[in-house]
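Report on the structure given below.
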Amino acid sequence: MKVDVLLGLQWGDEGKGKIVDVLTPKYNVIARFQGGPNAGHTLEFNGIKHVLHTIPSGIFHDGVANVVGNGVVVDPVILKKEIDALIKLGVNIKKQLFISKKAHLILPTHRLIDAASEAAKGKEKIGSTLKGIGPTYMDKTGRNGLRVGDVFETTFKEKYTKLVIKHKEILKFHDFEYDLEALEKDFFIALETIKNLTIIDSEHYLNNAINNNKSILAEGAQGAMLDVDFGSYPFVTSSNTTTAGTCTGLGIAPNKIGKVFGIFKAYCTRVGSGPFPTELEDEVGERMRKAGNEFGSTTGRPRRCGWIDLPALKYAIMINGVTELIMMKADVLSEFETIAVCTHYIIDGKKIDYMPYDIVSKEVTPVYETLKGWRQDLTKLASMDEIPSELSAYIDYLEKTLNVPISIVSVGPDRTQTIHRGNVLV
Ligand code: GDP
Ligand code: IMO
Ligand code: MG
72 MKVDVLLGLQ WGDEGKGKIV DVLTPKYNVI ARFQGGPNAG HTLEFNGIKH VLHTIPSGIF
132 HDGVANVVGN GVVVDPVILK KEIDALIKLG VNIKKQLFIS KKAHLILPTH RLIDAASEAA
192 KGKEKIGSTL KGIGPTYMDK TGRNGLRVGD VFETTFKEKY TKLVIKHKEI LKFHDFEYDL
252 EALEKDFFIA LETIKNLTII DSEHYLNNAI NNNKSILAEG AQGAMLDVDF GSYPFVTSSN
312 TTTAGTCTGL GIAPNKIGKV FGIFKAYCTR VGSGPFPTEL EDEVGERMRK AGNEFGSTTG
372 RPRRCGWIDL PALKYAIMIN GVTELIMMKA DVLSEFETIA VCTHYIIDGK KIDYMPYDIV
432 SKEVTPVYET LKGWRQDLTK LASMDEIPSE LSAYIDYLEK TLNVPISIVS VGPDRTQTIH
492 RGNVLV
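Residues in the sequence shown are numbered consecutively from 72, following the working numbering.
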């Protein structure tokens, strides 16, 4: 069977965690392929609200394998915390969670370097989650990194010490003060937990699953506009968040990719620095933040809010090969009399409908079309038959403009607040 992919089309936090949890009953395996604990994926069901950072969002379903792939960067300290919380909720971690030997480790000094490098950038800072993501991927591509499989080797401590000596030089360069001792203590305690997990050759595991007709869903982290190649560079994360990242991050060949579910909010948010053409830095944006409870799941930072951005969405659909769309947080737009949709940008006096190379350096003025709002509570709706005609018109408008069907409309954070449209997503 082919591997389906679910990924964010905007700047992250689209609601990936919720929808992966909703779709998990259709799959045997859920696999994360990139990013690390910079992600915060929220699931809500039976009155429980749970945020996952490293562990795939299928973990609450018995009998489903959750794989952390080679493309992910793992912080043992954060992973241990996630595991401890899940064990308390009765999850059988040993049986349901599988970690790739090839996933790279985030060391305490990676986190320190992240903080030092952001501090040195001053006003130009990326707005990193400070989880050590960038420095860990730098060591991976620089061929200095340590991997999960290394922790079983007798030479691990030696390799660790060698790398930390290098890191200390970088910290000295940044003139950055730190106290490594306490951080290292937690790190080595957490490594003992890691050693007791089910550590696998994930590329073999997943390809065997494919050959045995098992269904796999790859769960993206972050969003297309944060992709290191295609996002608003340098205000991006350090991995490929796009469909291509599934192949390298899991060891799955491109011809094994099936459906690609592109998930987006009915509006836009961004946390951290960088361009955001439709950002509303006014009372309307404030209302959106409040109605959508737009505060970061990982850092608690207020998210920047704005109207939906079609040039950015079209770009994300193109680079990901999206086959089906999933629209989240439609209920939040019930707040507004009218809904604006950005159809074009004006840059250097020219009207364009695509994402330009110089989005970071140029002044971008969004061009809007206005649609009528619905001003009706959507959170209790169960089927498409019950939705207001104005929401229907909004969905039709988006499908026509984006040229991809919308298979799910989400109307609240809970698992049950999910409207499936027709039979597209079977
Ligand atoms: P992810 O990183 O893509 O998994 O998304 P996050 O979990 O960081 O952020 C999405 C937030 O929106 C979470 O707090 C979810 O509980 C919440 N959420 C998801 N879907 C909906 C929805 O349809 N309506 C509302 N109001 N909240 C939602
Ligand atoms: P999920 O998976 C939203 C943003 C940070 C910062 C930039 C780089 O929950 O959607 P990094 O820590 O990766 O060096 O930060 O990327 N960022 C996210 N924004 N959701 C995320 O993940 C994010 N992960 C990173 O805010 O702007
Ligand atoms: Mg998130």
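Idealized CB from N, CA, C, for every residue including glycine.
Going by alpha carbons, who is nearest to T142 out of R218, G371, T269? The displayed chain sequence assigns Gly, not Thr, to residue 142. Of R218, G371, T269, the residue nearest in Cα terms is R218.
Quick one: grab the DSSP three-state call for L77. strand
Taking 7 Å as the limit between beta carbons, can you name the residues of its chain near E470, skipping five residues before and five after? P476, I477
Sequence-distant residues of the same chain with beta carbon closer than 7 Å to R182, five excluded per side: L201, K202, G203
Does at least one heavy atom of the ligand SAM sit under 7 Å from the Cβ of I204? By its list of ligands, the structure shown excludes the ligand SAM, since it contains just the ligand GDP, the ligand IMO and the ligand MG.
Rounded separation between V122 and T232 - CA only: 33 Å
For K87, count neighbouring C-beta atoms within 10 Å of its own C-beta (all shown protein chains included) and say buried if the count is 16 or more, exposed if not. buried
Rounded distance between the beta-carbons of I126 and L168, thought under 8 Å: 6 Å
Sequence ranges, beta strand (DSSP E) only - wholly within the segment 435-465, length at least 3: Runs of the beta strand (DSSP E) inside the segment 435-465: 436-443.
Just tell me which of L384, V393, K443, T225 has its CA closest to the CA of T414. It is L384.
Could you tell me the alpha carbon to alpha carbon distance between L321 and Q105, rounded to whole angstroms? 9 Å
Excluding the five sequence neighbours on either side, which residues of its own chain have a C-beta within less than 7 Å of the C-beta of K97, listed in chain order? S286
Could you compute how far the alpha carbon of V497 sits from the alpha carbon of N163? Bear in mind that the predicted position of V497 carries a pLDDT of just 47, short of 50, making it unreliable; the figure below should be weighed with that in mind. Straight through space, the alpha carbons of N163 and V497 are spaced by roughly 28 Å.
Run through the segment 167-196 for me and flag every whole alpha helix (DSSP H) of 4 or more residues, listed as ranges in chain order. 179-192
Pop quiz: K243 and N215 are said to be a contact at Cβ under 8 Å. What is the actual Cβ separation, rounded to whole angstroms? Actually they are not in contact, since the Cβ atoms of K243 and N215 sit about 17 Å apart, beyond 8 Å.
Where the alpha helix (DSSP H) through G275 begins and ends: Note that residue 275 is His in the sequence shown here, rather than Gly. Note, H275: alpha helix (DSSP H), 273-282.
F258 and V144 closer than 8 Å at C-beta: no
Taking H132 as the reference, which of L150, G213, T436, N99 has the closest Cα? N99
Alpha carbon to alpha carbon, how far is P325 from D221? Give it in angstroms, no decimals. Cα-Cα distance, rounded: 28 Å.
Within this structure, are the beta carbons of L396 and G356 separated by less than 8 Å? Taking 8 Å as the Cβ cut-off, L396 and G356 do not qualify as a contacting pair.
Who are the Cβ neighbours of R372 in its own chain at under 6 Å, not counting the five residues just before and after it? Counting only Cβ-Cβ distances below 6 Å, and skipping sequence neighbours, we find V342.
Candidates E274, G367, C376: closest to D353 by CA position: C376
Near the ligand IMO: S188 beta-carbon under 7 Å from a heavy atom: no
Extent of the continuous beta strand (DSSP E) run through A253: For A253, there is no enclosing beta strand (DSSP E); the residue is part of the alpha helix (DSSP H) that begins and ends at 251-266.
Residues near N309 in its chain [Cβ-Cβ closer than 6 Å; skip 5 each side]: In the sequence on display, residue 309 carries Ser and not Asn. Taken in chain order, the residues that qualify are I204, G205, Y208, V299.
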